[in-house]
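Under this note's numbering, read the sequence shown as residues 16 to 434, first letter to last.
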Amino acid sequence: MVGKHVSISGMSESYEIYRGIGRLVTLRAAAEKGARRVTEADLSVIEKAAIVSRAGKIEWLGPETDLPSNHAKARSHDLGGATVIPALVECHTHLVFAGNRAGEFERRNRGETYQAIGAAGGGILASVRATRAASLEELVSSAQKRVDRFVAQGVGTIEAKSGYGLSVESETKMMRAAQKLTRARIVSTFLGAHAIAPEFTSAEEYVAHLMREALPLIAREKLATRVDIFLEKGYFERPVARRYLEAAKRLGFDLAVHADQLTLSGGADTAVDLGARSAEHLVQIGPPEIAKLAASETTCVLLPSADLYMDCAYPPARALIDRGARVAIATDFNPGSSPSQDVSLVGVLSRVRMKMSFPETLAAYTIGAAYALGLEKQTGSLEIGKSCDFAILDGSLDELFLEIGRAPVSSVVVEGLQV
Ligand code: NIG
Ligand code: FE
């Protein structure tokens with residue numbers, strides 16, 4: 016398996032005590048339930064708490080009155096009664112790209128469809144032209160600003176997809192840019208199968224090229240731990256997608272699928288059949304897919320800001336959750352279908368448009384999202400032995416996912432250290 020434990024600071028020597036936590040929202044019970052059917056009680060709140068972190072991991076946590084006295088050598092931080100939650104996990108972004116597609120947004124609002132703009136050489140291919148022309152340094156510098164914007168909102172882990180290069184050279188440039196980002200844990204996903212590269216005439220031909228030239232190289236150079244595909248009519252359809260994902264799986268990659276976003280194309284079905292970690296979007300699924308996802312280990316990643324910008328339906332979150340599926344939420348931040356990094360917007364849309372409860376929303380943005388990335392043993396809840404990744408709020412818990420444009424977060428700790 017390609018580099019599973021993703022670390023931001025290497026082996027940190029840090030030894031820290033965080034005291035004076037007014038409310039520590041651990042999500043321990045939500046994690047124990049596999050992030051399914053999360054209730055208020057599963058937030059597992061400890062009042063007046065403390066956390067001891069050593070070498071990036073939680074060594075102890077509990078009520079401050081029970082704090083063992085053998086931690087005199089640790090550096091002590093007083094959080095002054097603040098509420099602490101697990102750092103958010105942003106599990107679906109197209110973080111690295113150049114240019115913008117503001118003009119395309121205007122065209123969609125005037126009636127052109129996403130698919131028609133794409134078929135005419137715009138859409139994803141417009142971002143491909145800009146990203147191919149950008150230097151590694153330009154990509155790192157714009158992406159680092161985006162990382163910082165996420166971190167300021169309480170995010171500690173960010174997934175970053177490639178997919179705007181569509182050539183071995185430009186795709187590897189995107190993934191190398193992702194590797195240079197700091198201040199958050201970055202999980203790199205290869206999305207070479209995002210659109211058919213302009214140099215190829217068919218999906219079959221392009222995918223054969225990716226299987227021959229790209230996948231082995233990416234595995235060898237550890238440029239990504241996951242492989243994703245846009246499984247959609249007119250992009251990569253089911254048979255070719257299946258062959259590609261099977262090849263990626265044989266090389267040890269975790270699988271993700273952009274599934275059933277624009278049309279019902281067999282994405283969710285394929286994701287579950289191949290044991291993908293996640294099936295993402297799921298706007299078009301119906302009762303058979305809901306039942307199949309609910310009975311599987313595949314996490315359903317819902318991306319409501321993309322649905323807002325695309326002015327389409329929202330995925331059936333209520334049915335998924337009630338049937339027992341594991342759900343995650345994310346921004347899908349990208350220059351086309353979701354040009355927003357606002358985690359509050361995602362939370363508010365999850366609550367208003369998908370009728371998710373507050374505990375379901377918070378769990379979906381933490382432990383559910385950690386599952387989507389295969390990091391459920393490492394992050395997403397606050398428990399002894401896990402990475403010490405948390406966000407310190409500057410408001411009360413119920414001010415989270417309330418005000419679009421503002422996350423009530425004062426700072427973020429990743430692997431025990433403030434970032
Ligand atoms: O997740 N739909 C496929 N991929 C992206 C959009 C990428 C783009 O439009 O640049 C998505 O919505
Ligand atoms: Fe996406």
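Backbone N, C-alpha and C fix where the C-beta goes; we use that ideal spot for every residue, glycine too.
Every value quoted in this text rests on a predicted model; they were computed, and no experiment measured them.
Backbone CA spacing between A14 and K307 [nearest angstrom]: There is no way to answer for residue 14, as the model of the chain reaches only from 16 to 434.
D347 beta carbon near ligand 2 (any heavy atom closer than 7 Å): Taking the first residue of the sequence shown as 1, we reach residue 347 at position 332. D347 Cβ: within cutoff of ligand 2.
C-beta atoms of L317 and A334 nearer than 8 Å: Position 302 of the sequence shown, counting from 1, holds the residue named residue 317. Position 319 of the sequence shown, counting from 1, holds the residue named residue 334. No, the Cβ-Cβ distance between L317 and A334 is not below 8 Å.
Contacts around G137, its chain only, beta-carbon distance under 7 Å, and the 5 residues preceding and following it disregarded: Against the sequence shown, residue 137 aligns to sequence position 122. Excluding residues within five positions, the ones whose Cβ falls inside 7 Å are E119.
Stretch-stretch touch, CB-based, cutoff 8 Å, three pairs: the stretch 168-184 with the stretch 93-106: yes
Cβ neighbours of R90 in the same chain (closer than 8 Å, five flanking residues each side left out): For the purposes of this step, residue 90 is taken as residue 75 along the sequence shown, with counting starting at 1. Within the same chain, R90 has close Cβ partners S29, Y30, E31, I32.
Nonlocal neighbours in the same chain, by C-beta distance under 7 Å from L360, ignoring five residues either side: For the purposes of this step, residue 360 is taken as the residue at position 345 of the sequence shown. So the qualifying residues of the chain are S320, I419.
Given Q276 as reference, the closest of R51, G249, E295, I73 once Cα atoms are compared: Here residue 276 corresponds to residue number 261 of the sequence shown, with the count starting at 1. That would be E295, whose Cα lies nearest to the Cα of Q276.
Candidates V67, Y380, R38, of which the one nearest L432 by Cα: Taking the sequence shown and counting its residues from 1, the one referred to as residue 432 is at position 417. Selected option, being the one with the closest Cα: V67.
G383 - DSSP class collapsed to helix/strand/coil: As a position in the sequence shown, residue 383 is number 368, starting the count at 1. Helix, per DSSP.
DSSP three-state assignment for K264, whether helix, strand or coil: Walking along the sequence shown from the start, residue 264 turns up at place 249. DSSP places K264 in helix when its eight states are reduced to three.
Sheet register partners of I201 (DSSP bridge): One-based indexing of the sequence shown puts residue 201 at position 186. DSSP output for I201 lists I173 as bridge partner(s).
Anticipated Cβ contact below 8 Å, A262 with L270, distance rounded: By 1-based counting over the sequence shown, the position of residue 262 is 247. By 1-based counting over the sequence shown, the position of residue 270 is 255. Their Cβ separation, rounded to whole angstroms, is 11 Å, which puts A262 and L270 out of contact at 8 Å.
Cα-Cα separation, P254 to R144: If you number the sequence shown from 1, residue 254 lands on position 239. If you number the sequence shown from 1, residue 144 lands on position 129. If I take the Cα positions, the gap works out to 28 Å.
Expected contact under 8 Å - CB spacing of T313 and A343 to nearest Å: Position 298 of the sequence shown holds residue 313. Position 328 of the sequence shown holds residue 343. Between A343 and T313 the Cβ distance is about 11 Å, and since that is not below 8 Å, they are no contact.
8 Å Cβ cutoff met for V53 and P374: Reading the sequence shown from its first residue, position 38 is the one you call residue 53. Reading the sequence shown from its first residue, position 359 is the one you call residue 374. Yes; because the gap between Cβ atoms is below 8 Å, this pair is in contact.
8 Å Cβ shell around G18 - same chain, five flanking residues per side excluded: Reading the sequence shown from its first residue, position 3 is the one you call residue 18. In this predicted model, G18 has a pLDDT of only 38, less than 50, meaning its place in the structure is not dependable; the value taken from the coordinates is given anyway. Around G18: K237, T240.
Continuous beta strand (DSSP E) assignments of at least 3 residues falling wholly in the stretch 397-432: 405-408, 424-429
Residue span of the beta strand (DSSP E) that contains H92, given as start and end: Taking the sequence shown and counting its residues from 1, one reaches residue 92 at position 77. 90-101 is the span of the beta strand (DSSP E), which, as asked, contains H92.
Sub-8 Å separation of V272 and D243 beta-carbons: The residue labelled residue 272 in the question sits at position 257 within the sequence shown. The residue labelled residue 243 in the question sits at position 228 within the sequence shown. Closer than 8 Å, so yes.
Whether R200 touches V162 by CB criterion (8 Å): Position 185 of the sequence shown, counted from the start, is the residue given in the question as residue 200. Position 147 of the sequence shown, counted from the start, is the residue given in the question as residue 162. Not in contact: R200 and V162 (Cβ atoms no closer than 8 Å).
Burial state of H216, where buried means 16 or more other Cβ atoms lie within 10 Å: Indexing the sequence shown from 1 puts residue 216 at position 201. Just to set this straight, residue 216 is Thr in the shown sequence, not His. When all chains shown are included, T216 counts as exposed.
Alpha-carbon to alpha-carbon, S142 and N115: Numbered from its first residue, the sequence shown carries residue 115 at position 100. Numbered from its first residue, the sequence shown carries residue 142 at position 127. In a straight line, the C-alpha of N115 is about 7 Å away from that of S142.
Local conformation of H109 per DSSP, three classes: Along the sequence shown, one-based indexing puts residue 109 at 94. In this structure, H109 counts as coil in the three-state DSSP scheme.
M190 beta carbon less than 8 Å from that of S182: Looking up residue 182 in the sequence shown gives position 167. Looking up residue 190 in the sequence shown gives position 175. No. Outside cutoff.
DSSP-derived helix/strand/coil call for D300: Residue mapping note: residue 300 aligns to position 285 of the sequence shown, counting from 1. Asp is not the amino acid found at residue 300; the sequence shown has Ile there. Coil at I300, not helix or strand.
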